[in-house]
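Following the numbering used here, the numbering of the sequence shown begins with 89 at its first residue and continues without gaps. Where is the CB? At the ideal position from N, CA and C, for every residue including glycine. Okay, structure first, notes after.
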Amino acid sequence: MAGPRMPGARMAGPRIHRATTLFPGFLTLLLSAVFCASLLSAAPVAADEKVLRVLAWPGYADGDVVKAFEARFHAKVEVTLVDSDEALWDQMHTKDAPQFDVLAANTAEIQRYTRANLLTPLDLASLPNTRRQLPRFQALSSIPGLTAAGKVYAIPFTYSSMGLIYDRKQIAVAPRSMRELWNPRYRGKVLDFNSAQHNFSFTALALGYAHPFQLDAAQMRVIAHKLVELRRNLLTYYTLPEEATAFFIRHKAALMFGNYGTQQVALLRRAGADVGYVIPDEGALAWLDCWSMTRSAADRPLALAWINYMLEPDVSELLTQRQGLANTLTEPAEYRDDARIVWIGPVEDIQRREELWRKIVSGDRSERF
């Protein structure tokens with residue numbers, strides 16, 4: 089997703105996303121935003137006043153955060169909110185829309201915008217708060233989509249892993265592998281997210297495949313059989329996090345593929361569930377949203393100041409407190425130091441995955457794959 093969404097349907101989900109645009113760009117939080125695009129700043133702008141136009145997801149630029157930035161930099165900030173990657177793209181291509189200065193998007197979308205020549209390289213010297221980020225987010229070249237031709241086009245801001253959620257009352261010791269979803273002891277107690285892309289990818293990771301987003305025909309067949317086998321343990325598939333929470337509590341589920349990650353964990357705990365969250369040893373899929381500056385940015389120093397401001401500890405922590413999303417400055421409590429995060433990327437053949445997934449969900453037998 090970009091932003092508070094569901095990685096999957098935005099993929100992004102946000103964001104019931106059903107895909108690898110992530111993510112996700114889908115989110116529960118978007119349900120509270122009934123508009124697709126809304127201006128948070130409606131007051132008239134003085135002729136000599138600096139203006140920053142921000143394109144982002146709900147929860148990324150709350151009113152109090154915007155006001156603090158305006159007061160510090162003596163500028164007016166106009167925020168336009170979107171609820172899907174498609175809406176984000178449309179806003180950047182609408183003739184009557186304002187020329188945005190900064191935008192928030194997931195890594196897959198950042199690649200798309202960079203190829204379309206819509207972004208401008210960032211001056212890291214103007215972004216000192218990047219030095220506050222966790223080491224893996226400072227290693228920009230190691231994250232696909234952030235750099236091109238040696239130049240940096242995006243700075244990580246927020247992310248969500250898709251780990252394993254478990255009931256502490258039924259499972260005393262935290263599971264270490266996604267393969268536990270197939271453990272016969274959890275027959276009828278497993279919840280899985282209804283997504284072709286993510287199920288094939290996390291199963292590929294569980295099986296030790298090196299390239300979970302680029303599977304060959306033989307690997308696809310093995311995974312399809314494995315996902316048919318997983319049905320024996322399933323309580324059901326879920327789509328929305330609220331739906332999963334209700335199923336988890338009402339039917340006393342033991343394990344769940346947490347498509348919404350820490351955001352979903354927060355929702356479960358608020359509902360009274362005693363759950364734990366782990367990144368499996370083989371790694372967890374994850375979407376990553378970043379801030380970028382557009383080529384049309386009228387005041388580039390102000391745009392860079394916004395991106396740097398978003399990385400201040402107080403601002404980043406608000407994202408975690410309010411949205412349940414991880415920030416790039418502090419390690420989530422549930423993460424191990426050696427946790428492996430696998431940023432979602434484009435898959436080899438989405439139509440083939442969807443075709444196989446429909447057969448799996450409908451109950452087809454393994455011999456038919």
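Could you check which residue in the options has the C-alpha nearest to that of residue i?
i           : options            : result
residue 299 : 435, 449, 442, 456 : 435
residue 263 : 345, 307, 413      : 345
residue 401 : 153, 294, 138, 273 : 153
residue 445 : 430, 427, 168, 325 : 325
residue 137 : 215, 162, 150      : 162
residue 159 : 433, 397, 173      : 397
residue 382 : 209, 351, 306, 309 : 209
residue 141 : 386, 418, 410, 419 : 386
residue 174 : 407, 201, 350, 211 : 201
residue 378 : 192, 188, 172      : 192
residue 35  : 359, 164, 341, 373 : Residue coverage of the chain in this structure runs from 89 to 457, which leaves residue 35 outside it and unanswerable.
Taking the beta carbon of residue i as the centre, do at least 16 other beta carbons fall within 10 Å, making it buried, or is it exposed?
i           : result
residue 110 : Note that residue 110 scores a pLDDT of 36, beneath 50, so its modelled location is shaky and nothing firm can be said.
residue 205 : exposed
residue 272 : exposed
residue 421 : exposed
residue 223 : exposed
residue 389 : exposed
residue 123 : Per-residue confidence for residue 123 stands at a pLDDT of 39, beneath the threshold of 50, marking its modelled position as unreliable; no derived number is given.
Please report the distance separating the alpha-carbon of residue i from that of residue j.
i           : j           : result
residue 156 : residue 221 : 22 Å
residue 405 : residue 456 : 49 Å
residue 415 : residue 148 : 11 Å
residue 260 : residue 313 : 30 Å
residue 371 : residue 213 : 33 Å
residue 450 : residue 443 : 11 Å
residue 182 : residue 295 : 44 Å
residue 315 : residue 437 : 18 Å
residue 225 : residue 242 : 11 Å
residue 320 : residue 274 : 9 Å
residue 287 : residue 308 : 11 Å
residue 357 : residue 418 : 20 Å
residue 244 : residue 354 : 22 Å
residue 127 : residue 301 : With a pLDDT of only 42 at residue 127, under 50, the local geometry of the prediction cannot be trusted, and no value is derived from it.
residue 198 : residue 227 : 17 Å
Can you check DSSP and say which residues form a bridge with residue i?
i           : result
residue 166 : 141
residue 381 : 190, 208
residue 366 : 252
residue 466 : Since the first residue of the chain shown is 89 and the last is 457, residue 466 is not available in this structure.
residue 314 : The partner list for residue 314 (beta bridge, DSSP) is empty, contrary to what the question assumes.
residue 373 : 250, 430
residue 325 : 280
residue 345 : 252
residue 235 : 240
Report yes or no: is there a C-beta of chain B within less than 8 Å of the C-beta of residue i?
i           : result
residue 334 : Among the chains of the structure shown, chain B does not appear; only one protein chain is present.
With a cut-off of 8 Å, do at least 3 Cβ pairs link the segment 248-260 to the segment 364-380?
-> yes
Any contact of the segment 333-347 with the segment 274-284, i.e. 3+ C-beta pairs under 8 Å?
-> yes
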